[in-house]
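In this note's numbering, the protein residues as written are 2 to 324.
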């Protein structure tokens with residue numbers, strides 16, 4: 002049956018071992034009948050988002066005068082978001098592709114986004130300073146501290162990966178012993194530890210997405226800081242710049258996208274029962290694909306607005322060459 006997840010699909014984890022869950026019995030009522038194939042429309046949407054970020058990076062490099070640190074800090078975020086969308090697009094073709102490649106891409110997707118997002122804070126601080134929204138003294142202080150924060154966050158993620166390479170996965174992370182001092186770092190590594198297929202994506206959308214077998218903590222701290230800085234600095238720039246307030250509009254658009262993009266809680270067939278039968282296969286697919294696409298389109302709009310704000314500020318007579 003096309004929509005029922007077979008035992009071989011359940012066992013497609015990064016370590017190649019079987020999943021602990023037992024497959025549903027044959028007489029269980031089938032909830033999904035179309036999850037065996039991901040939506041081509043959704044895959045096209047992810048591909049368009051990835052292409053959009055690549056195009057914005059090209060515009061950023063060619064149509065603006067930004068260079069050095071002001072260019073690099075935003076470019077890092079653009080590359081990470083383009084890669085994330087590309088991984089979701091490839092997930093629509095997941096079964097013919099090498100699962101080891103998709104597993105590594107899933108690891109890199111989470112880690113690259115976690116490291117890249119904090120760099121949007123110093124970019125916004127430097128832009129606000131050079132555009133005149135912040136005084137040179139305040140702007141330089143905010144820029145210096147935000148760079149330090151981004152470096153510390155990246156170093157913390159790197160330390161987790163290095164500690165895993167040195168110590169391996171602690172037994173406490175597997176629930177077989179009590180936690181020991183120092184276990185928190187290697188147990189939170191992203192490039193290490195077991196990854197598995199996202200059961201919700203596999204059953205509801207047919208998309209092959211690899212996620213940590215155990216939840217990793219702190220991966221979205223940088224995204225939250227970037228949003229807070231975008232709203233704060235966007236409001237400051239809206240007070241000194243002409244309409245439209247691009248930076249503030251972009252942050253608000255991304256915030257709404259993230260709010261709408263909260264994925265529904267997944268329940269297995271036995272838990273959903275007859276209530277899940279009210280959904281068609283397409284509705285079950287798009288209740289997960291729709292919010293996720295809207296969230297990523299919101300972030301694409303945010304980056305577009307950042308570049309528009311930069312382009313406008315560079316044309317202003319009050320533009321400062323340095324902060």
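Just so you know, even glycine gets a beta-carbon here, dropped at the ideal spot from N, CA and C.
A quick note: this is a predicted structure, and the numbers were derived from the prediction, not measured.
| task | Return the residue from the list 195, 307, 202 that minimises the CA-CA distance to residue 216. | result | 195
| query | How far does the beta strand (DSSP E) with residue 212 in it reach, from first residue to last? | reply | 211-213
| field | Where the beta strand (DSSP E) through residue 198 begins and ends | value | 196-198
| Does DSSP put residue 87 in a helix, a strand or coil? | helix
| Limits of the alpha helix (DSSP H) - the one that residue 47 falls within | 41-63
| request: Return the first residue and the last residue of the alpha helix (DSSP H) that residue 136 is part of. | output: Unbroken run through residue 136: none, as it is neither H nor E.
| request: Just tell me which of 46, 116, 120 has its CA closest to the CA of residue 88. | output: 46
| field | Assigned exposure category for residue 305 - 16 Cβ within 10 Å defines buried | value | buried
| field | Which listed residue (105, 42, 81) has its alpha carbon closest to that of residue 58 | value | 81
| request: Look at the Cβ atom of residue 321, then the Cβ atom of residue 145, and state whether they are nearer than 8 Å. | output: no
| task | For residue 261, count neighbouring C-beta atoms within 10 Å of its own C-beta (all shown protein chains included) and say buried if the count is 16 or more, exposed if not. | result | exposed
| By Cβ distance, which residues of its chain are closer than 6 Å to residue 299, with the 5 residues on each side in sequence left out? | 254, 255, 258
| Taking DSSP as the reference, what is the three-state secondary structure of residue 324? | coil
| field | Outcome for residue 117 when other beta-carbon atoms lying within 10 angstroms are tallied against a minimum of 16 | value | buried
| query | Thinking just about the alpha-carbon of each residue, which of 312, 139, 120, 52 is nearest to the one in residue 243? | reply | 312
| query | Using the C-alpha atoms, what's the distance from residue 141 back to residue 154? | reply | 20 Å
| task | Can you say whether residue 225 is buried or exposed, counting buried as having 16 or more other CB atoms within 10 angstroms of its CB? | result | exposed
| Considering residue 105, what are the terminal residues of the alpha helix (DSSP H) in which it resides? | 100-117
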